[in-house]
Amino acid sequence: MERMFEKMIQNFNNIELNATYYLNVDDRIKKTIVTKDGKLTITDGKPENADCVIKVTEKLLKKVWEENYSPGLMDIATGSLKTNNPDLLGKLFKSLNRG
1 MERMFEKMIQ
11 NFNNIELNAT
21 YYLNVDDRIK
31 KTIVTKDGKL
41 TITDGKPENA
51 DCVIKVTEKL
61 LKKVWEENYS
71 PGLMDIATGS
81 LKTNNPDLLG
91 KLFKSLNRG
């Protein structure tokens, strides 16, 4: 997973996206993702205030990253993905130049 996070930082490309995300992967991995001034940083832990909360399974996150998969209603219905801000989540995924 750490290698994937490093690639996300390298591949990020969106000068206009300024947001704080809380990423929770299977309740095991908890990361703060900040996009600001065209850069992306990822640190351990939960932020005080997040614009977008993302709860996802490791399996789905890898599928999104490795296969350029776009999550849909089925992923939400099965509980593989939960978010409070689908718009910001979509903007983050589009900014990662996954493939």
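The sequence shown runs 1 to 99 under the UniProt record's numbering.
In this text, a Cβ means the ideal position worked out from N, Cα and C, and glycines have one as well.
Every value quoted in this text rests on a predicted model; they were computed, and no experiment measured them.
Are residue i and residue j closer than 7 Å when you measure CB to CB?
i, j, result
"leucine 40", "phenylalanine 12", "yes"
"asparagine 14", "serine 95", "yes"
By alpha-carbon positions, which one of the options ends up nearest to residue i?
i, options, result
"asparagine 24", "Asp37, Gln10, Pro47, Gly38", "Pro47"
"asparagine 49", "Ala77, Glu58, Lys31", "Lys31"
"arginine 3", "Tyr21, Trp65, Asp27", "Trp65"
"glycine 79", "Lys55, Asp87, Lys94", "Lys55"
"glycine 45", "Met74, Asp27, Leu61, Leu60", "Asp27"
"serine 70", "Phe93, Asn84, Leu17, Lys36", "Phe93"
"isoleucine 29", "Thr20, Tyr21, Val53, Glu58", "Glu58"
So for residue i, helix, strand or coil by DSSP?
i, result
"leucine 23", "strand"
"leucine 73", "helix"
"lysine 46", "coil"
"leucine 40", "strand"
Determine the extent of the alpha helix (DSSP H) in which residue i is found, giving its start and end residues.
i, result
"isoleucine 54", "It is not in any alpha helix (DSSP H) - isoleucine 54 instead sits in the beta strand (DSSP E) that spans 52-56."
"leucine 81", "Careful: leucine 81 lies outside any alpha helix (DSSP H), inside the beta strand (DSSP E) at 81-83."
"glutamate 2", "2-11"
"leucine 92", "86-94"
Based on the DSSP output, what are the partners of residue i in its beta bridges?
i, result
"lysine 30", "Asn24"
"threonine 35", "Ala19, Leu40"
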